[in-house]
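The sequence shown begins at 29 in this note's numbering and counts up by one.
Positions of the beta carbon are idealized from the N, C-alpha and C atoms, including for glycine.
Take a look at the structure set out below.
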Amino acid sequence: MFATTYVCEKLFSTMKIVKTKFRSRLTDKYLRDQLRLAHSHKTRRIQSSTHTGVASQRTSTYLMDNRCRHCHNEVENLAHVLGSCPHGEALRNARHHQVRSIIATALKDADYNTYEEVHGLSVIGSTRRIDIIAFKESTRSGYIIDPTVRFETDEEQPAEVDNEKKDIYNPTISYYLQKYQLKELEVIGLLVGARVTATLFMKDVFKRPGIPTSIIPIVTLAALKGSIALPKNHLYSKSNQVH
29 MFATTYVCEK
39 LFSTMKIVKT
49 KFRSRLTDKY
59 LRDQLRLAHS
69 HKTRRIQSST
79 HTGVASQRTS
89 TYLMDNRCRH
99 CHNEVENLAH
109 VLGSCPHGEA
119 LRNARHHQVR
129 SIIATALKDA
139 DYNTYEEVHG
149 LSVIGSTRRI
159 DIIAFKESTR
169 SGYIIDPTVR
179 FETDEEQPAE
189 VDNEKKDIYN
199 PTISYYLQKY
209 QLKELEVIGL
219 LVGARVTATL
229 FMKDVFKRPG
239 IPTSIIPIVT
249 LAALKGSIAL
259 PKNHLYSKSN
269 QVH
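In structure tokens:
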């Protein structure tokens, strides 16, 4: 389904084994060399021709408890690191804010009145905060756009995210119509893949308000840069949590 999933997961699993808590001074260069050695065909041939019972036993013992080294709540895999581990929350927020800023700038360039992080009220009185609201003075209509960077799972995910955001923010439409004296607003939940998946749904979203689709690689690159920082932070930085 996603061609790079197996490679990413395999590499991250190897990094977990190589970069343990006892290797606090492991440099980037040494880690890179270790990863190359671990995935070398020559290394696998050597292992298959020698007695590796002790090493296999140690590896099995290590993998018996594969919970996250920081939160200890979930299995420590790429999906957890990129999407949910509390240890990377600040970096995930920075990744999201960068993506949101790029989209908001593109809407402004397309002559939309654009506002970010606007607080509002739903019809039942609960508070909501939308990422982006953009509208044109000439038509008094526009969009509430909520970009969400998530670890990709399946082909239905973009539509699921869109429906999820509509359920959350449709009850606020009447509030924003009155606030900005508008006639019409549409809620769009936009999935941005944490592993640089650009979907047809994303292309359609940008076409609707007239944003050039050339923005797609800019958005996905920003998400990728934010995602790249997360595994390094997860492996090298210490946790402030006490367990």
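Runs of the beta strand (DSSP E) spanning 3 or more residues and lying entirely within the stretch 198 to 229 occur at 212 to 221, in chain order. Of the residues E214, H125, E180 and R95, the one whose Cα lies closest to the Cα of N191 is E214. C-alpha of H125 to C-alpha of H98: approximately 24 Å in a straight line. When DSSP reads this structure, L149 sits in a beta bridge with T155. In the structure shown, the three-state DSSP call for P186 is helix. Nearest Cα to I246 within the set M230, K260 and R236: M230. Beta-bridge pairing by DSSP links I172 to I161 and V215. In the structure shown, R123 falls within a helical segment according to DSSP collapsed to helix, strand and coil.
Separation of L249 and N141 (C-alpha to C-alpha, rounded to the nearest whole angstrom) is 25 Å. Excluding residues up to 5 positions away in sequence, T155, R156, T200 and Y203 lie with their Cβ nearer than 8 Å to the Cβ of L149 in the same chain. When only Cα atoms are considered, I131 and E117 end up about 21 Å apart.
In this structure, T241 sits near K235, with a CB-CB distance shorter than 9 Å. Residue burial annotation: Y171 is buried, with at least 16 other C-beta atoms found within 10 angstroms of its C-beta.
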